[in-house]
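Peer 1: For the sequence shown, my numbering gives the first residue as 330, with consecutive numbering after it.
Okay, here's the structure, questions in a sec.
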Amino acid sequence: MNILKTRSIEHIVTAEKVIEGGGFPVRRPIPNTEMEQIDPFLLLDHLGPTNWGPGEAIGAPDHPHRGFETVTYLLAGENEHKDSKGNHGRLRPGDVQWMTAGSGVVHSELPSPEFLEKGGIMHGFQVWINLPSKRKMIPPSYQDTPSDRIPEIFLEDKKSKVRVIAGEFNGVNSVIKTNTPILFVHALLEPGVELKHHVSTDDNIMGYLISGKGEFGLKDEKKSASEGQLVVFSHDGDSISLRSTDDSNLELLILGGTPINEPMVRYGPFVMNTKEEIFQAFHDFSK
Ligand code: MN
């Protein structure tokens, strides 16, 4: 039998507060002043939770993307998505939109007209995942995944659960297919519950705390983190371990991926391998 070695914690980053799109607040742990990316993750935005009054909610009007994927995961509110090719979709709480921008789309991501009119709480995530050079110019595609298609696993206490958005957890596979190996799970732990997961030693793994408090890493040198912090695991093992504190629930995203390890040139909504490809993107989208 294989003995798994638990990874220690490399560092803990506190998300910066920034204003995005047409003017909505996000907390952004990556990129930050220390790290341009955690390969293949280019960006993690925690949107809200923001309580918008009637007519107030703001989204991101028309903008392009090329060379990577954007994943939107909504916890509260309602979003509407439209792109230049006529694709259209709505996201409700628990739904995921996995958009492979590939060669490019121009899209808008806005509160639905009904949500805008009534107002309410908007809460969710947008994650940018890089594509390897060979796949940067593939045709754009969508995996719009309603909440009821996302597998949920209950842990031993029968109350704590894990939603498997991408990759595999406890033998359960996501319905979303990824271009490179990605783990994307949403865990909701009752107080004092431990979560362990086997990971590849090559992969970058991190946990972003949506709410509550937790302890991470090796038994004798656990690191504490709380809401709005990103915990980055070291590469010194093939298993991750984390636990909600005895007095607090813990809700977090666990993200993992195999590094692409290629040169990256990033400018706003474009992420390519060379400057020339960035110039080309500007040219193609300014027509
Ligand atoms: Mn976008």
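Beta carbons are placed, not taken as given, at the ideal position from N, Cα and C, and that holds for glycine.
Quick caveat: nothing in here was measured; it's all calculated off a predicted structure.
(1) What three-state label does DSSP hand histidine 564 in the structure shown?
(2) Can you give me the Cβ contacts of histidine 527 inside the same chain, cut-off strictly under 7 Å, excluding the 5 residues immediately before and after it?
(3) Exposed or buried, which one is methionine 330 when buried takes at least 16 other CB atoms within 10 Å?
(4) For isoleucine 494, which residues in the same chain have their Cβ closer than 7 Å to its Cβ, ignoring the five residues on either side in sequence?
(5) Would you say leucine 429 touches ligand 1, meaning its beta carbon is less than 6 Å from a heavy atom?
(6) Is DSSP giving lysine 465 helix, strand or coil here?
(7) How many Å lie between threonine 509 and aspartate 575 at the Cα?
(8) Nearest by alpha-carbon distance to threonine 304: which of Gly377, Ala344, Ser563, Pro378 is it?
(9) Return the residue from the list Pro468, Arg572, Met451 that minimises the CA-CA distance to alanine 386.
(10) Can you grab the Cα-Cα spacing for the pair isoleucine 458 / glycine 382, in whole Å?
(11) How long is the line joining the alpha carbons of glutamate 544 and aspartate 613, rounded to whole angstroms?
(12) Counting pairs of Cβ atoms below 8 Å between the stretch 552 to 568 and the stretch 524 to 542, do you hit three or more?
(13) Going along the chain, which unbroken runs of the beta strand (DSSP E) with 3 or more residues stay wholly within the stretch 504 to 543?
(14) To the nearest angstrom, how far is the alpha carbon of leucine 372 from that of serine 573?
(15) Using three-state DSSP, classify aspartate 613 as helix, strand or coil.
(16) Compare the C-alpha of asparagine 499 against each of Thr507, Asp486, Ser553, Ile482 and name the closest.
(17) Rounded to whole angstroms, what is the Cα-Cα separation between aspartate 486 and lysine 548?
(18) Quick check on phenylalanine 545 - is its C-beta less than 7 Å from some C-beta in chain E?
(19) Any heavy atom of ligand 1 inside 6 Å of the beta-carbon of threonine 587?
(20) Figure out for me which residue from Thr507, Pro461, Val456, Arg357 has the closest Cα to the Cα of valine 400.
(21) Closest to serine 470 by CA distance: which of Ala430, Pro440, Lys488, Glu443 is it?
(22) Measuring straight from C-alpha to C-alpha, what distance separates glycine 585 and histidine 340?
Peer 2: Based on what the coordinates show:
(1) In this structure, histidine 564 counts as coil in the three-state DSSP scheme.
(2) Leu333, Asp567, Ser568
(3) Because the pLDDT at methionine 330 is just 49, under 50, the model does not fix this residue reliably, and the value given afterwards should be weighed accordingly. By the neighbour-count rule (16 or more Cβ atoms within 10 Å), methionine 330 is not buried but exposed.
(4) Tyr402, Val425, Ile479, Ser503, Ile505, Phe513, Val514, His515
(5) Reading the sequence as shown, one finds threonine at residue 429 and not leucine. Outside the cutoff, so no.
(6) coil
(7) 36 Å
(8) With the chain covering 330 to 616 only, the question about residue 304 has no answer from this structure.
(9) Met451
(10) Answer to the nearest angstrom: the Cα atoms are 32 Å apart.
(11) Glutamate 544 and aspartate 613: Cα-Cα distance of roughly 47 Å.
(12) yes
(13) 511 to 518, 523 to 527
(14) 25 Å
(15) helix
(16) Ile482
(17) 21 Å
(18) This model lacks chain E altogether, as it is built from one protein chain only.
(19) no
(20) Val456
(21) Ala430
(22) 15 Å
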